[in-house]
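A.B. asks: The structure follows.
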């Protein structure tokens with residue numbers, strides 16, 4: 023019975039049940055509030071919350087994709103820089119590398135001696 027009443031939106035109250043109600047409850051019952059408006063408002067709030075949740079999920083997916091793309095780009099840039107710098111050094115004969123390092127030290131030492 024209670025399930026059918028809930029589905030129909032109407033509640034049947036017996037005289038015995040009315041006698042057990044407080045004065046405030048009797049006043050509310052006598053005013054016969056329209057619960058349909060309340061239910062419509064609850065449904066609108068539920069739909070709004072669902073739409074907001076979908077938007078948050080979409081924004082999260084976009085942000086996650088951007089972070090992944092940035093991470094991959096940074097990794098490939100670091101790999102390219104590493105390849106170029108160490109590849110250049112690997113292609114040079116050792117004597118040229120040592121000569122350039124010695125020359126850099128001499129230049130630094132001469133600068134320090136002038137000061």
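In this note's numbering, the protein residues as written are 23 to 137. Beta carbons: idealized from backbone N, C-alpha and C, even for Gly.
Compare the beta carbon distance of residue 40 and residue 48 with 8 Å and say whether it is the shorter of the two.
C.D. replies: As a first step, residue 40 must be located in the chain shown, where it is residue number 18. As a first step, residue 48 must be located in the chain shown, where it is residue number 26. Contact: yes.
A.B. asks: Could you tell me whether the Cβ atoms of residue 61 and residue 51 are closer together than 8 Å?
C.D. replies: As a working note, residue 61 is residue 39 in the chain shown. As a working note, residue 51 is residue 29 in the chain shown. In this structure, residue 51 does not lie closer than 8 Å to residue 61 by Cβ.
A.B. asks: With residue 37 as the anchor, note down where its alpha helix (DSSP H) starts and where it stops.
C.D. replies: Walking along the chain shown from the start, residue 37 turns up at place 15. First-last of the alpha helix (DSSP H) with residue 37: 37–42.
A.B. asks: Please return the same chain residues whose Cβ sits closer than 8 Å to the Cβ of residue 65, not counting the five positions on each side in sequence.
C.D. replies: Counting from one through the chain shown, the residue named residue 65 turns up at place 43. Counting only Cβ-Cβ distances below 8 Å, and skipping sequence neighbours, we find nothing.
A.B. asks: Please classify residue 79: does DSSP put it in a helix, a strand, or coil?
C.D. replies: Within the chain shown, numbered from 1, the residue matching residue 79 stands at position 57. Three-state result, residue 79: helix.
A.B. asks: Go ahead and pull the three-state DSSP assignment for residue 105.
C.D. replies: Residue mapping note: residue 105 aligns to position 83 of the chain shown, counting from 1. It is helical.
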